[in-house]
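K.L.:
Sharing a structure below in structure tokens format, with a few things to ask.
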Amino acid sequence: MKPIEKSINVMPITIEATIAETPDGNAALKFIGEVLDAAKTDVSRQLSTDILEGGKRAEQAASALEKLLSEEETAFAALLDAELEFAKLPALSSSPTEAEKRAVIVRRFAIESAGRAWCAKFGALQQLGKEPNRPGRTCPVPLP
């Protein structure tokens with residue numbers, strides 16, 4: 114340090130220091146401690162976020178499950194409607210006309226399409242362990 118050429122008048126100051134001599138510690142433990150000390154702010158922030166947002170995530174998961182259940186019910190109702198419409202078709206004549214053949218194709222396609230949509234929702238609920246009771250129903254949906 115270089116001495117200051119000018120003197121500055123200040124009030125008296127008291128400085129106290131404690132110096133302790135300890136034996137050298139374990140370098141590996143010291144390193145681990147330094148790493149943990151350096152990360153404590155990030156860890157604290159993450160834990161706080163997890164705790165505060167945990168309830169929020171649980172609500173979102175419950176909401177998503179409820180939405181999926183509703184979508185499965187809607188898809189199952191569409192499948193039942195498609196099957197009902199197919200059942201309403203009159204019996205084919207001994208020599209079916211093109212119109213009769215097309216009506217059967219359209220109704221079968223409606224069942225196939227609704228069945229795929231329902232199976233997708235039903236399968237997702239099965240994976241979550243929330244499989245609704247649909248007696249006698251399997252995926253893929255058999256076509257008449």
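Its first residue numbered 114, the sequence shown is counted upward by one per residue in the working numbering. Idealized CB from N, CA, C, for every residue including glycine.
Compare the C-alpha of residue 193 against each of 162, 226, 203 and 181 and name the closest.
P.N.:
226
K.L.:
With DSSP run on the structure shown, which of helix, strand or coil describes residue 232?
P.N.:
helix
K.L.:
Pairs of beta-carbons, one from the segment 226-245 and one from the segment 178-196, closer than 8 Å: are there three or more?
P.N.:
yes
K.L.:
Nearest to residue 256 by alpha carbon, out of 169, 140, 218 and 239?
P.N.:
218
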